[in-house]
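Asker: In the working numbering, the protein residues as written are 715 to 1015. C-beta atoms are modelled at their ideal positions from N, C-alpha and C, and glycine is treated no differently. One structure coming up, written as structure tokens, with questions to follow.
What follows is the structure in structure tokens.
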């Protein structure tokens, strides 16, 4: 059984709303560096191979895991982000400033269209995603961590889930809707598995808010033990561990407020920033009694 973990890079300067000179050299923010270290700590053993996009934000995120496991082999594969706008006209622009160009590109709904020099067509983008899956199958490593980008990760997921027979305007519109409905948060992603006997890729979904809530609920009812393992730079954030689950919880003036991040024992991540796809905050799903009980337990740590 081949297992592959697809991971989006940590928060980049462009993600934070800053202008960028080009699509390849965008650096991580301080928060992105912290997310990269959180991803590294989510591995309980060294992967057989680490793959990273050539873009600096993915390379920097991958290096945190390589630093934790120095013997890991690191390879750079063409798993970079989909660059569908001509790069030269995007110099020193922000995501907000490019919004009209983005909308125009997707309204055209032409898979073969190329916006200009250095841009990639949607057809070429999906061809690259398919080639990536083929390369994974052929590679001898069975446990692979891949540091890539949100749209590329969703291209891989869409190909596996939808299994499109052809790529036309309708398929392109379907992928765009899939991408919007399934944003991949920084430091999060999917787990893939490949069985040679069945010759098919399977996707393990990320953590949901309800998954995290069930762990917190078990603590409130005394069925699991919660221990304090650290405190983030912000004094209102507390890191706790529950049977291998690593959870960062935020309190407001000493009162339990919301769950910031969670890493499961198998390395799946949930983030407060992940949006509607993953549901609401796990703390908000607790009953009033569970919320109070969990808050009291946190104060006692």
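Determine, using beta-carbon pairs with one atom in the region 883-893 and one in the region 817-830, whether at least three such pairs fall under 8 Å.
Answerer: yes
Asker: Just to confirm, are residue 865 and residue 893 a CB contact at a threshold of 8 Å?
Answerer: Here residue 865 refers to the residue found at position 151 when the chain shown is read from its first residue. Here residue 893 refers to the residue found at position 179 when the chain shown is read from its first residue. Yes.
Asker: Distance check for residue 931 and residue 828, CA to CA, integer angstroms please.
Answerer: As a working note, residue 828 is residue 114 in the chain shown. As a working note, residue 931 is residue 217 in the chain shown. Each residue's alpha carbon lies about 51 Å from the other.
Asker: Please list the segments of the beta strand (DSSP E) lying wholly inside the region 780-857, counting only runs of 3 or more residues, in order along the chain.
Answerer: 788-790
Asker: What do you get for residue 1002, buried or exposed, if any count of 16 or more other CB atoms within 10 angstroms of its CB means buried?
Answerer: Within the chain shown, the letter at position 288 stands for residue 1002. Classification of residue 1002: exposed, given that the 10 Å Cβ count is below 16.
Asker: Residue 881 by DSSP, collapsed to three states: which one?
Answerer: Position 167 of the chain shown holds residue 881. DSSP places residue 881 in coil when its eight states are reduced to three.
Asker: Taking buried to mean at least 16 other C-beta atoms within 10 Å of its own C-beta, is residue 984 buried or exposed?
Answerer: As a position in the chain shown, residue 984 is number 270, starting the count at 1. By the neighbour-count criterion, in which a residue is buried when 16 or more other Cβ atoms sit within 10 angstroms of its Cβ, residue 984 is buried.
Asker: Going by beta carbon distance, what residues of the same chain come within less than 8 Å of residue 1011, once the five residues before and after it are set aside?
Answerer: Residue mapping note: residue 1011 aligns to position 297 of the chain shown, counting from 1. Cβ within range, chain order: 933, 934, 940.
Asker: When the Cα of residue 785 is compared with those of 792, 791, 777, which residue comes out closest?
Answerer: Translated into the one-based positions of the chain shown, residue 785 becomes position 71. Of the residues 792, 791, 777, the one whose Cα lies closest to the Cα of residue 785 is 777.
Asker: With which residues is residue 966 paired in a DSSP beta bridge?
Answerer: Residue mapping note: residue 966 aligns to position 252 of the chain shown, counting from 1. Paired residues: 969.
Asker: With distance defined between alpha-carbon atoms, name the residue in 998, 950, 928, 964 nearest to residue 956.
Answerer: Position 242 of the chain shown, counting from 1, holds the residue named residue 956. Minimum Cα distance to residue 956 is reached at 928.
Asker: Count the other CB atoms, across all protein chains shown, that sit within 10 Å of the CB of residue 992; report buried if there are 16 or more and exposed otherwise.
Answerer: One-based indexing of the chain shown puts residue 992 at position 278. Reliability of the predicted coordinates at residue 992 is poor, the pLDDT of 43 falling under 50, and no value is obtained from them.
Asker: Pick helix, strand or coil for residue 774, following the three-state DSSP scheme.
Answerer: Translated into the one-based positions of the chain shown, residue 774 becomes position 60. The answer is helix: DSSP assigns residue 774 an H, G or I state.
Asker: Along the chain, where does the alpha helix (DSSP H) containing residue 928 start, and where does it finish?
Answerer: For this step, residue 928 is matched to residue 214 along the chain shown. Residues 923-934.
Asker: Select from 919, 719, 877, 898 the residue whose C-alpha is nearest the C-alpha of residue 840.
Answerer: One-based indexing of the chain shown puts residue 840 at position 126. The shortest C-alpha separation from residue 840 is found at 877.
Asker: Which of the three DSSP states, helix, strand or coil, is assigned to residue 1015?
Answerer: On the chain shown, residue 1015 is found 301 positions in, with the first residue counted as 1. DSSP places residue 1015 in coil when its eight states are reduced to three.
Asker: At what residues does the alpha helix (DSSP H) containing residue 746 begin and finish?
Answerer: Counting from 1 along the chain shown, the entry for residue 746 is found at position 32. Segment 744-755, the alpha helix (DSSP H) holding residue 746.
Asker: May I have the straight-line CA-CA distance separating residue 973 from residue 936, to the nearest angstrom?
Answerer: One-based indexing of the chain shown puts residue 973 at position 259. One-based indexing of the chain shown puts residue 936 at position 222. Looking at the two C-alpha atoms, the distance is approximately 19 Å.
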